[in-house]
Structure formats: structure tokens, C-alpha cells
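As given, the protein sequences belong to chains A and B, one line each in that order. Residue numbers for the first sequence follow numbering that gives the first Met the number 0, beginning at 0 and rising by one. Residue numbers for the second sequence follow numbering that gives the first Met the number 0, beginning at 0 and rising by one. Glycine included, each C-beta is placed from N, C-alpha and C at the ideal position. Report on the following structure.
Number of protein chains: 2
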Amino acid sequence: MRPDELVAAARGGSPRAVARLISLVEGDSPLLRDVMAELAPHTGHARIVGITGSPGVGKSTTTSALVTELRKRDQRVGVLAVDPSSPFSGGALLGDRIRMGDHATDAGVFIRSMASRGHLGGLAWTTPQAVRVLDAAGFDTVIIETVGVGQSEVEIAALADTTLVLLAPGMGDGIQAAKAGILEIGDLFVVNKADREGASNVSRDLRGMLSLAERREGAWQPEILKTVSQDGTGLDEVAAAIDRHHAWLAETGELGERRARRAREEVQAIALEMMRARWGDVGGAGELETLARAVAAGESDPYTAADRLIGPQ
Amino acid sequence: MRPDELVAAARGGSPRAVARLISLVEGDSPLLRDVMAELAPHTGHARIVGITGSPGVGKSTTTSALVTELRKRDQRVGVLAVDPSSPFSGGALLGDRIRMGDHATDAGVFIRSMASRGHLGGLAWTTPQAVRVLDAAGFDTVIIETVGVGQSEVEIAALADTTLVLLAPGMGDGIQAAKAGILEIGDLFVVNKADREGASNVSRDLRGMLSLAERREGAWQPEILKTVSQDGTGLDEVAAAIDRHHAWLAETGELGERRARRAREEVQAIALEMMRARWGDVGGAGELETLARAVAAGESDPYTAADRLIGPQ
Chain A
0 MRPDELVAAA RGGSPRAVAR LISLVEGDSP LLRDVMAELA PHTGHARIVG ITGSPGVGKS
60 TTTSALVTEL RKRDQRVGVL AVDPSSPFSG GALLGDRIRM GDHATDAGVF IRSMASRGHL
120 GGLAWTTPQA VRVLDAAGFD TVIIETVGVG QSEVEIAALA DTTLVLLAPG MGDGIQAAKA
180 GILEIGDLFV VNKADREGAS NVSRDLRGML SLAERREGAW QPEILKTVSQ DGTGLDEVAA
240 AIDRHHAWLA ETGELGERRA RRAREEVQAI ALEMMRARWG DVGGAGELET LARAVAAGES
300 DPYTAADRLI GPQ
Chain B
0 MRPDELVAAA RGGSPRAVAR LISLVEGDSP LLRDVMAELA PHTGHARIVG ITGSPGVGKS
60 TTTSALVTEL RKRDQRVGVL AVDPSSPFSG GALLGDRIRM GDHATDAGVF IRSMASRGHL
120 GGLAWTTPQA VRVLDAAGFD TVIIETVGVG QSEVEIAALA DTTLVLLAPG MGDGIQAAKA
180 GILEIGDLFV VNKADREGAS NVSRDLRGML SLAERREGAW QPEILKTVSQ DGTGLDEVAA
240 AIDRHHAWLA ETGELGERRA RRAREEVQAI ALEMMRARWG DVGGAGELET LARAVAAGES
300 DPYTAADRLI GPQ
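See the structure below:
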């Protein structure tokens, strides 16, 4: 199928066409350029929700329960489950089917596992393009779910309109919230497994820490919510909070700013990759190689070599 | 002082001039270009030795003992102690003085702590330029010491001619050696605290793992050495092994290859930063900003925008 036909099929509701487009993204296909050009006019409608948290807090369960809640509201929902620790991508079919659970036969839901490790730029490279596919295919909400390890949660927050940070009692409570950066990235904090002992301590500690954090004037005041995702308790409140946050983003103009910032990162990442390719692959016979050998020999310095490489403005 | 005067003073043996040049590197000074051009003709002589290992294996002690050993051999030695977890740089003077110990009054030794976190490109950006300063200033051996956390040890190995991986008994022996990548990056494995119980187990486990690792034909066969760095035991053997490895690098042409590869990484990192600056800072009014807004609005796609940004070849 040609890119325009694929995009038309995806927009017409074909899950196979959507899956094929995301595979093109993951495989860094030469067709991607044409695909992205076809998708562009149809993008900008989906709400992008990031869900992150430490292993064991119930991310998959909460994602699934949120999908159920959004389906009640007649939204079409796409889910990208990004595993930043896995070098495998795309074909995690069995996992996807298990994750889909109740949603397996629902044409209004599309779920896909993606890996990011080892790929050019990781999360920052493939995920925004996969989001673009789901956005253009007409999904009302796109959920990006990732485990909070290393930098991945910060990257997710950069991609999402609204970021949910999940916590749960009994997981080294204070520590998980105090983790570098987690207070800054959360728009909504969800204490899951709220029926368990210690849940109110988690909320209280979190409230304390959030009250100490400095925020710009007029900034969003993060909300703390409680869920028992296993049986769907509290997910209606989560969906309502996402609505409130989205309304705030739209009113303040922050939505447009976030989206422009995202596009800037994406364009820059692609442009830098293009420059790398233009300069010559590592080990290749490109201009970079020649200049680097002159630097190694002391005949040039790295700045002069970089000047030559990038040429005049 | 002008860059050419500073470089002349550093080459004349002034530790203050060397310190000033490294401060320019850390501060990303606008003078750096001129400095690097002045340094270039004098580089390429120093041997670069990386020392890495988990916290507690005795990296500082071993570095200090190796410095003593190399001084016996009439070498001038520069040490860069890189702390990838610290956001502070340069001014860790007290720490440097404590570290210098016996070497504090020795004009043939220069020791400097550097931080890398938060800086553009981290280790990969400042460290090679600091090495270049010490190389041009006439140090025979430059030691880069860093704690093995995250990616830092892999980055160190990429910068060094010879990489020493330090281990010690009683630190979760098998695990430390099996840590992702540590077997691949070590040219020499040094079991420190060899007088303690368990040291021979560490050596044996290591030997077993190294024998299982696949190596290219003609590749260097990593050596396993034992030290008690506290009293200098075994450092003569370590210095001799560094000599053997260096001779092997020179004979096989691998030395030139490693240095060209390093120069390539350095030139590319600088060139990519220059492109970022040219395209406009984040939040600025550059061309990137304009193109990103068109992408966010669905009027363009990221690839077309990137094409415009980088312009014709």
C-alpha cells in the first residue's frame, strides 16, 4: 500500500493500517517522510496523556481502567506502552493481547507495545511519531505508558499534554515521590491501591512535598487523586481531572506552547540525525572522517574541524 | 593573558596556566576556540589511561599509587577525577588537595576534579578537551578516573587508550564483573585489596567470565592483575601492563584508530552544538521556532521542517 492509501485506511478505522504505520516508525522506514507528510494535516486533535510510575504501582491496570472509563465517554483511545529497558520492539504481540484484556475486541481501542532502547534517540525519536500516527488516525486520547526509570519519565512528560504520576503504598513511599524530578513532571498524582494500608500516608507525604515545591505564578496546581484501579474505583475522578487540566492548558495558551515545544524537539532530533548522516557514518569515508584524522594528527583542532564540517551559514 | 600566552605558560610548566585552561574548558569560554587552535600542534603525545570501578574498590588510592609509580619512571602525570554525579565543577579545591596527598608539592603532577552532570554532552564534551590541555602541556600520562555508574565507564573507555577496571573482594564479586559492559571495556582488570579474603575468588570468577567472552581474532587479551594500592604493592606490574598494552596498540595500528575515533566523536559533538545554536535556542525566535510552530499547527511535517532547517547539501 502506498503511504497515502495507508493513511487513508488508518483514518478510515483500520487497526491493521495503524499497526503498519507504527511499524514503519519503529523500523525507521524510508517511507516515513511521505507518511509524515500525509499525516500532518490531520494531527493536533488528540489529547496526549502520559502515565508513569515505579514498577509495581499498577501502571498497566490503571491504564486499562482509564481506557474503560474513556470508552464510557465514547472516546476512541490509543495506548503506546513504551518499555525503555527493552531492546525489542513492535512484535510484543502476546504481551499486547494480554494487556488488552477487555479491550481486545473493541475497535475503539488500539494498544501497542514499543521499545526504545538502542534506537536513535530512544523515546524522543519514535514515540512522538507513533503519537502522530494515532492522532491522525482519529483517536481522541493517546495514552503513553512507561515505567519510571532513568530519564524516561522526564521524556514522557515532555511528550504529554497531561502527565499522571502513579504511586502506591508500601513501596518506600517518601522515596518514590522524592525521586529526582517526579514532583516537577506530574500534573496529576494518582495514589493507586488506595484500599491498602499506608495509602493516606502516601497522599499526606506527597501533599507536604508539593506544598514545599516552588511554582511559577499562575502555574497549574497538581491534584492528588486516589484509585483502586483493579476494580475501576476512582477512575471517573481521574478522567474528570484530565478534563480540568486540559481546559486549563487550553485557556492559558499552555497547550499551544507545549505542542510547539514538542514539535521543536522533534524537528531538531530529525535534523541532527540528517546532519550526522550527511557528515558520514562512523567508520565511513565521509568528510567527518577526514577532518577527525587531521585533528587526531594535531594538524587541526576540533573547533576548526567543526566549522569546516557545518560550512558557512 | 591571551590564549597563546596561556598555552605557552602551560607548556612551560606553570600549573596555574594549566588550571586556567581547564577552567576555560569547563566554563565553555568563548576563548576556547583560540585555545584549542593553539593547543592542537602540541597534542598526541600523552598516553591516556582510564580508571573506573564501583564505589569502594579503591579508585583514588590506586590512582595515587599509580601516580607514585609513574613518577619513579620520571613521567609527568596529569589526573582528571571526573564525578559524573556531581553538578559542581572546577572549584573542588579542598578535595583536590586531599587527593593529592604525597603529590601536593610535586610539580610533575597535576590533579583536577571535574564534574560532568548538567553540562552539554557531559563527560563526552568537557573531558576530551581537558585531556587535550594536559597532553599539550607535556604530561606523559593523563589518568581519567571515574566512578563506574550508568554510562560513565563506557564513555571513559571511549576516551582512553588503556582502560583499567578496578574490582575488590567483598563487593558482590560476580555481580560487579558481570555488570553490563564491564567485561568489554577493560583492557586491564585490577583486583585491588588483594590481601583480603576473597581476592582470589574475584580473580577466578573474572578469568572464567573473560574466557567465555567472544573476542575478535588478533584482539588484545585482557590481563588480570592484583594490587594492594594502600601500600603500593603490585603497581609496578600495573605500570608494566600499561606499557605492554600501549606497545600492542602502537604495533597493531589500534592506537591511531582509537584516537581518530575519539576525534570524530569530539568534532561531531561540537558541530551538533553549533548547529543547535545556529537554528535558534529553545524559546528563541530562530528558524527552528518558526518551523516547529508550523509542524504543531499541522501545516508542515517534521521531516519537511528538518529539510528546510538544514538546507541544501
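Judged by DSSP secondary structure, K71 (chain A) falls within the alpha helix (DSSP H) whose first and last residues are K58 to K71.
The Cβ atoms of P14 (chain B) and A129 (chain B) lie no closer than 8 Å to each other.
Within the segment 14–49 of chain A, the complete alpha helix (DSSP H) runs of at least 4 residues fall at 14–25 and 31–38. According to DSSP, residue pairing for T140 (chain B) in a beta bridge involves B:R46 and B:V76. By the C-beta criterion, the segment 234–249 of chain B is judged to be in contact with the segment 51–65 of chain B, since at least 3 inter-stretch pairs fall below 8 Å. Each residue's CA atom was taken as its position, placing T161 (chain B) and L182 (chain A) some 42 Å apart.
For V6 (chain B), the enclosing alpha helix (DSSP H) begins and ends at P2 to R10. From the listed residues A:V146, A:D139, A:V189 and A:H41, the smallest Cα separation to V201 (chain A) is found for A:V189. The alpha carbon of H245 (chain A) has as its nearest neighbour, out of A:L23, A:L30, A:G49 and A:A39, the alpha carbon of A:G49. Contact check for A218 (chain A) and D139 (chain A): beta-carbon distance about 26 Å, past the 8 Å limit, so the pair fails to qualify.
Put simply, the CB of D3 (chain B) is far from chain A, with every gap to its CB atoms at 8 Å or more. Under the Cβ criterion of 8 Å, D160 (chain A) is not counted among the residues facing chain B. Its Cα nearest to that of G137 (chain A), the residue A:V78 stands out among A:E213, A:V78 and A:G26.
Closest in alpha carbon position to I155 (chain A), among A:D134, A:T125 and A:W278, is A:T125. Scanning A:M208, A:I309 and A:Y302 for the CA closest to the CA of D27 (chain B) turns up A:Y302. Note that the C-beta distance between R263 (chain A) and L287 (chain B) is below 8 Å. Around the CB of M0 (chain B), fewer than 16 other CB atoms lie within 10 Å, so the residue is classed as exposed. Among the residues of the segment 283–296 of chain A, those with a Cβ less than 9 Å away from any Cβ of chain B are L287, E288, L290, A291, R292, A293, V294, A295 and A296, in the order of the chain. An exposed status is given to G55 (chain B), since fewer than 16 other beta-carbon atoms sit within 10 Å of its beta-carbon.
DSSP places E216 (chain A) in the coil class of the three-state scheme, outside both helix and strand. Between D27 (chain A) and chain B, the shortest Cβ-Cβ separation is not below 8 Å.
Interface flag for E250 (chain B) against chain A is unset, since no Cβ pair is found closer than 8 Å. Looking only at A:G207, A:A80 and A:A198, the smallest Cα-Cα distance to R111 (chain A) is reached by A:A80.
Put simply, the backbone Cα of D306 (chain A) is about 37 Å away from that of S22 (chain A). Of all residues in the segment 131–149 of chain A, none is placed with a Cβ closer than 7 Å to any Cβ belonging to chain B. With its beta carbon less than 8 Å from one in chain A, I269 (chain B) belongs to the interface. Rounded to whole angstroms, the separation of the alpha carbons of S299 (chain B) and A293 (chain B) is 5 Å.
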